[in-house]
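Q: Handing you this structure, nothing more for now.
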Amino acid sequence: MMNMKQTTSIFLILLFAYCSTYSQSAKETVSAMYTFDREEEISDWLIEGEGKAYIENGKLILEPLFFPLMETLMKAGAISDDNCMKEYEPYLYAAMKAKYGNDVRNYFLVGKGEPVFMGGHFNVWNRRIRTSENFAIEFDFTPLSSAPLHMLMFCGSGLEGESVFDTSLPARYGVEDETMYDMAMYRVSFFHKSRRKANLRRAPGKIMVAQGEDVVASKDWTPTSRCRVERINGIVRFLINGKESFSYKDEQPLKGGNWGFRLMACAKGAYDNIKVITIK
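For the sequence shown, this note's numbering begins at 67 and goes up steadily by one.
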């Protein structure tokens, strides 16, 4: 049987734990929330590249412009649902060449060798909120295609710290290198049935810095997941349904900045209950 001193000690420990939890939650302030119950909410988003964003049944639907073509090809067995660029590139290039003519050159990666077609993907940036140094972004994610890949970009800026919307920055067409080498940011990629891994990359340089469990945990790829990406005192964490996927400590952390989503050409998804949280 416990004496009074032991009882008091246990009470104080429990009280301290409760106060610590309460204090931590009290430091979080919701800076923006999107439930997509109003059509006006779509005006807070800017598309770059070959995609569209629209509200349907109270959710934000992100869909590549050429998704209907990709879906038809996947259903016909002409391409797999594994986001294999070599498979779908000829079809995608032909469709974009027919649409844009010579302007399809904007979707090529030009380097030391032959130009490489990299079109068909897109970014969607939030115009309204630029995150603080310490923050979290939460959202419900429901895949609408079995094909990858979905990404969250955050702490985004030009290489000199400019807003991603700064008109002095080069135009962007949804080509990966525009964000991975010509800008600074972190990027979490998720929803990949075959690899079942979520990756964290850092730009400039497309450097892989962390990897963990994906939102796809079984053969059933359809469930909705509650995702949270947070950055607190230089530590980036990705949580899925409250469970940590990975944690990464950046010794030279990027500053707060712009954020948004990115989808590959065969992916499609619904996003809802998006929160941007400032943490102090």
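By construction, the Cβ of each residue, glycine as well, lies at the ideal position given by its N, Cα and C atoms.
All values derive from a computational prediction rather than experimental measurement.
Where does Thr95 fall in DSSP's three states?
A: By one-based count along the sequence shown, residue 95 stands at place 29. Reduced to three states, the DSSP call for Thr95 is strand.
Q: Going straight from the alpha carbon of Asp286 to that of Ala144, what length do you get?
A: Along the sequence shown, read from residue 1 onward, the residue named residue 286 stands at position 220. Along the sequence shown, read from residue 1 onward, the residue named residue 144 stands at position 78. Each residue's alpha carbon lies about 23 Å from the other.
Q: At the level of alpha carbons, what is the spacing between Gly179 and Ser234?
A: Within the sequence shown, numbered from 1, the residue matching residue 179 stands at position 113. Within the sequence shown, numbered from 1, the residue matching residue 234 stands at position 168. Approximately 28 Å between the Cα atoms of the pair.
Q: Contact between the region 253-261 and the region 207-223 is defined here as three or more beta-carbon pairs at a separation below 8 Å; is this criterion met?
A: Taking 8 Å as the limit for Cβ pairs, the verdict is that the region 207-223 does touch the region 253-261.
Q: Whole angstroms is fine: what's the gap from Tyr88's alpha carbon to Val96's?
A: Against the sequence shown, residue 88 aligns to sequence position 22. Against the sequence shown, residue 96 aligns to sequence position 30. The predicted position of Tyr88 is uncertain, since its pLDDT is 39 and thus under 50; no value can be drawn from it.
Q: Hey, would you say Val241 sits closer than 9 Å to Tyr173, going by beta carbons?
A: By 1-based counting over the sequence shown, the position of residue 241 is 175. By 1-based counting over the sequence shown, the position of residue 173 is 107. Closer than 9 Å, so yes.
Q: Only counting the same chain, and skipping five residues up and downstream in sequence, which positions put a Cβ closer than 7 Å to that of Ser291?
A: The count along the sequence shown starts at 1 and reaches residue 291 at position 225. Around Ser291: Phe207, Val281, Ile306, Asn307.
Q: With DSSP collapsed to three states, give me the class of Leu158.
A: To locate residue 158, count along the sequence shown from 1; it is residue 92. Correct three-state label for Leu158: helix.
Q: Can you list, in chain order, the residues of its chain whose CB lies under 7 Å from that of Lys125, leaving out five sequence neighbours each side?
A: Working through the sequence shown from its first residue, we reach residue 125 at position 59. Correct list, in chain order: Phe102, Ala336, Tyr337, Asp338.
Q: Quick one: residues in its chain with C-beta nearer than 8 Å to the C-beta of Ala26, no 5 flanking neighbours on either side, listed in chain order?
A: Residue coverage of the chain in this structure runs from 67 to 346, which leaves residue 26 outside it and unanswerable.
Q: Threshold first: 3 residues or longer. Then list the beta strand (DSSP E) segments lying entirely within the region 253-293, N to C.
A: Runs found: 263-269, 273-279.
Q: Taking DSSP's pairing of strands, which residues face Phe174 in a bridge?
A: As a working mapping, residue 174 is identified with position 108 in the sequence shown. DSSP lists Phe183 as partners of Phe174.
Q: Just mark Val176 as buried or exposed, buried being the case when its beta carbon has 16 or more other beta carbons within 10 Å.
A: Sequence index remark: in the sequence shown, residue 176 carries index 110 (1-based). Exposed, since its Cβ has fewer than 16 Cβ neighbours within 10 Å.
Q: Please state the DSSP three-state secondary structure of Glu105.
A: Residue 105 sits at position 39 when you count from the first residue of the sequence shown. It is helical.
Q: If you compare alpha carbons, which of Thr344, Phe327, Ile121, Ile343 is closest to Ile113?
A: Residue mapping note: residue 113 aligns to position 47 of the sequence shown, counting from 1. Comparing Cα-Cα distances from Ile113 to each of Thr344, Phe327, Ile121, Ile343, the minimum goes to Phe327.
Q: Assuming Phe205 and Ala264 are in contact, meaning their beta carbons sit under 8 Å apart, how far apart are those beta carbons, in whole angstroms?
A: Reading the sequence shown from its first residue, position 139 is the one you call residue 205. Reading the sequence shown from its first residue, position 198 is the one you call residue 264. So it is not a contact: roughly 14 Å between Cβ atoms.
Q: Taking the straight line between their C-alpha atoms, what separation do you get for Met151 and Lys346?
A: In the sequence shown, residue 151 corresponds to position 85, counting from 1. In the sequence shown, residue 346 corresponds to position 280, counting from 1. Their Cα atoms are separated by approximately 42 Å.
Q: For Thr344, which residues of its own chain have a beta-carbon under 7 Å away from its beta-carbon, when the five flanking residues on both sides are left out?
A: As a first step, residue 344 must be located in the sequence shown, where it is residue number 278. For Thr344, where only same-chain residues beyond five positions count, the Cβ hits under 7 Å are Thr95, Ser97, Ser198, Phe201.
Q: Which ranges does the beta strand (DSSP E) cover as unbroken runs of at least 3 residues, wholly within the region 189-213, from first to last along the chain?
A: Qualifying beta strand (DSSP E) stretches, in chain order: 201-209.
Q: How big is the Cα-Cα spacing for Ile121 and Leu128?
A: As a working mapping, residue 121 is identified with position 55 in the sequence shown. As a working mapping, residue 128 is identified with position 62 in the sequence shown. The alpha-carbon atoms of Ile121 and Leu128 are separated by roughly 9 Å.
Q: Just list the residues that DSSP pairs Glu296 with in beta bridges.
A: Taking the first residue of the sequence shown as 1, we reach residue 296 at position 230. Ala202, Arg303.
Q: Quick check: the Cα distance between Gly115 and Glu296, rounded to an integer number of angstroms?
A: Numbered from 1 along the sequence shown, position 49 holds the residue referred to as residue 115. Numbered from 1 along the sequence shown, position 230 holds the residue referred to as residue 296. Taking the straight line joining both Cα atoms gives about 27 Å.
Q: If you run the structure through DSSP and keep just helix, strand and coil, what is Thr87?
A: Reading the sequence shown from its first residue, position 21 is the one you call residue 87. Note that Thr87 has pLDDT 44, beneath the 50 cutoff, so the model's placement of it is unreliable and no number is given.
Q: Could you please give the first and the last residue of the uninterrupted alpha helix (DSSP H) stretch that includes Asp243?
A: Residue mapping note: residue 243 aligns to position 177 of the sequence shown, counting from 1. From DSSP, the alpha helix (DSSP H) with Asp243 extends over 242-246.
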